């Protein structure tokens, strides 16, 4: 499960070794200045929506880890199973959004709410 570390100026998403392989990504560092919205969702995979998979590993019901193009913008998903997650809407960044499944979505959203413009 990906872990989020939130500081005064950035969010760091730490991926486990198998998530790095599946997503074809390493850890992510997201400056708070590019985050335009934060929301909690009941089903992270459903929140990811549909689009054209580019670099992703998708095993139905188990994991979606990687990038898809959705509405002309790349979206990174690190979603495992059916469970809650957090959606970070971004502006002027590599991705238009990042969707991460985590049972700690509400806690992360609360922490980010006071820091995001």
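In my numbering, the protein residues as written are 17 to 133.
Glycine is no exception: its CB is placed at the ideal position from the N, C-alpha and C atoms.
Remember, it's a predicted structure, so these values are computed and weren't measured experimentally.
Which two residues bound the contiguous beta strand (DSSP E) that contains residue i?
{"i": "residue 20", "result": "19-22"}
Closer than 7 Å: is that where the CB of residue i sits relative to any heavy atom of the ligand NAD?
{"i": "residue 22", "result": "The model on display carries no ligand, and the ligand NAD is accordingly not part of it."}
At what residues does the alpha helix (DSSP H) containing residue i begin and finish?
{"i": "residue 31", "result": "Counting along the chain, residue 31 falls outside any alpha helix (DSSP H), and DSSP gives it neither H nor E."}
For residue i, does the three-state DSSP call read helix, strand or coil?
{"i": "residue 50", "result": "helix"}
Going by DSSP, which residues form a beta bridge with residue i?
{"i": "residue 116", "result": "94 and 102"}
{"i": "residue 44", "result": "29"}
Any chance you could list the beta strand (DSSP E) runs of at least 3 consecutive residues sitting entirely within the segment 52-113, in chain order?
Runs of the beta strand (DSSP E) lying entirely within the segment 52-113 and spanning at least 3 residues, in chain order: 68-75, 79-86, 89-96 and 101-106.
The segment 62-82 touching the segment 42-52, judged by at least three CB pairs closer than 8 Å
The answer is no - the segment 42-52 does not touch the segment 62-82, with fewer than three Cβ pairs under 8 Å.
Do the segment 28-44 and the segment 76-84 meet, that is, are 3 or more Cβ pairs less than 8 Å apart?
Three or more Cβ pairs closer than 8 Å define a contact, and the segment 28-44 meets that threshold against the segment 76-84.
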